[in-house]
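Q: Per this note's numbering, numbering through the sequence shown is continuous, rising by one, with the last residue being 173. Okay, handing you the structure first.
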Amino acid sequence: MNGVEPVRAFIGLGSNLDDPILQLTQACTELASLPECRALRCSSLYHSAPMGPQDQPSFINAVATLDTTLVPLALLDALQAIELRHHRVRDGERWGPRTLDLDLLLYGDEVIDEARLTVPHPGLIEREFVLHPLAEIAPDLRIPGYATVRELAAACPMRGLRRLTPDQLS
């Protein structure tokens with residue numbers, strides 16, 4: 004990276020259109036090739052019911068972690084560029100179907116409240132499809148203003164969330 008001290012960031016990934024498993028697998032590869040970023044780990048893939056309208060396909064979700072020297076808004080721009088390459092449409096219904104959703108969940112221990120970006124991500128502490136994959140890769144991480152991921156995940160019902168097994172990935 005560029006000599007600046009890297010920050011550990013966590014990215015939520017979700018998809019329910021156009022082969023979601025492939026979308027997330029490709030997105031993890033693209034995260035690893037972002038400039039000024041070093042991908043560390045991607046969680047297992049998880050199957051979840053849609054959060055919003057139920058008349059849409061189920062989602063596949065994961066969480067990835069990377070070290071980056073990009074500032075938060077530059078990282079957000081890079082994530083949105085990946086979404087665009089995956090034909091993400093942003094003018095659809097809220098919580099509607101999507102080819103790829105990349106959310107900046109955490110950026111170090113920073114608390115950010117700007118027009119374009121809120122970190123920790125709003126809803127992070129109550130969404131099973133984020134907390135359980137995050138607990139898989141960073142259980143002892145403390146969410147600024149809350150508790151550890153392990154504690155938050157233990158208090159968050161699974162609501163049908165299930166980890167995909169290797170034979171379900173092919």
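Note that the Cβ used here is the ideal one computed from N, Cα and C, for glycine as well. As the structure is a prediction and not an experimental result, all values here were calculated from the model.
Straight-line CA distance for P147 to V114?
A: 7 angstroms
Q: Hey, could you find the ends of the beta strand (DSSP E) A67 is sitting in?
A: 62-71
Q: Name the DSSP beta bridge partners of I14, please?
A: A67, L107
Q: Does the Cβ of H90 have 16 or more other Cβ atoms within 10 Å, making it buried, or fewer, making it exposed?
A: When all chains shown are included, H90 counts as exposed.
Q: Which residues in the same chain as R139 place their Cβ atom closer than 7 angstroms to its Cβ, once the five residues preceding and following it in sequence are excluded?
A: Strictly speaking, residue 139 in this sequence is Glu, with Arg absent from that position. Excluding sequence neighbours, E139 sits near S46, S47.
Q: DSSP three-state label for R101, please.
A: coil
Q: Could you check whether G15 and D106 sit closer than 8 angstroms to each other, using their CB atoms as the reference points?
A: Yes, these two residues count as a Cβ contact at 8 angstroms.
Q: Using three-state DSSP, classify C159 as helix, strand or coil.
A: coil
Q: With a CB to CB cut of under 7 angstroms and the five nearest residues on each side skipped, what residues in its chain are close to P160?
A: The answer, listed in chain order, is E131.
Q: Just how far apart, CA to CA, sit E154 and T28?
A: 28 angstroms
Q: Can you determine whether any heavy atom of the ligand COA sits closer than 7 angstroms to the C-beta of M161, and answer yes or no?
A: In the structure on display, the ligand COA does not appear, and there are no ligands present to speak of.
Q: What separation, rounded to the nearest whole angstrom, lies between the Cα atoms of G163 and H135?
A: 12 angstroms
Q: The beta strand (DSSP E) spanning L27 covers which residue range?
A: Unbroken run through L27 is the alpha helix (DSSP H), 23-35; no beta strand (DSSP E).
Q: I need the straight-line Cα distance from F62 to T72, nearest angstrom please.
A: 30 angstroms
Q: Going along the chain, which residues of its own chain have a beta-carbon closer than 6 angstroms to the beta-carbon of R86, five neighbours each way excluded?
A: Checking the sequence, you will find Glu at residue 86 rather than Arg. Excluding sequence neighbours, E86 sits near L103, L105.
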